[in-house]
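4 is the number of the first residue of the sequence shown in this note's numbering; add one for each residue after it.
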Amino acid sequence: MKHLSFLNLILVFGLLSIFIISCEDEDNVAPTIRLLADKNGDIDKVYVVLNEDWQDPGYTADDNTDKDLLLFIRFLTLLVIKQKRKELLLLEMRCINLLENGKLKKL
């Protein structure tokens with residue numbers, strides 16, 4: 004009978020451990036995504052010279068719980084070009100996050 008009580012104690016301890024581990028606080032703080040400045044120091048405006056290469060300056064993404072989120076971010080970038088004047092093109096860039104909870108979204 005003592006052997007059965009010991010097994011019950013181990014079972015209760017195991018279930019209690021699983022319950023305690025799975026009861027984490029809810030993460031109510033949104034992650035922070037910061038755009039990095041380009042070579043001119045601009046964040047909100049991008050200047051692209053015709054027939055020259057342009058490199059995206061990038062971004063950082065942090066979370067108070069998950070820390071560095073760069074591995075969890077994948078974007079599809081759409082570039083829309085609108086001709087305003089003969090010498091000026093207006094570029095509109097839209098980014099769509101392709102990940103949701105670490106998995107690819109269905110578009």
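Note that CB positions come from ideal geometry on N, CA and C, so glycine has one too.
- Going by DSSP, D66 is part of the beta strand (DSSP E) stretching over Y62 to D66.
- No Cβ-Cβ contact shorter than 8 Å links D30 with P60.
- In this structure, the straight-line span from the alpha carbon of D45 to that of T63 is close to 16 Å.
- Within the same chain, Cβ atoms closer than 7 Å to the Cβ of R37 are found at Y62 and T63, the five residues on either side in sequence being excluded.
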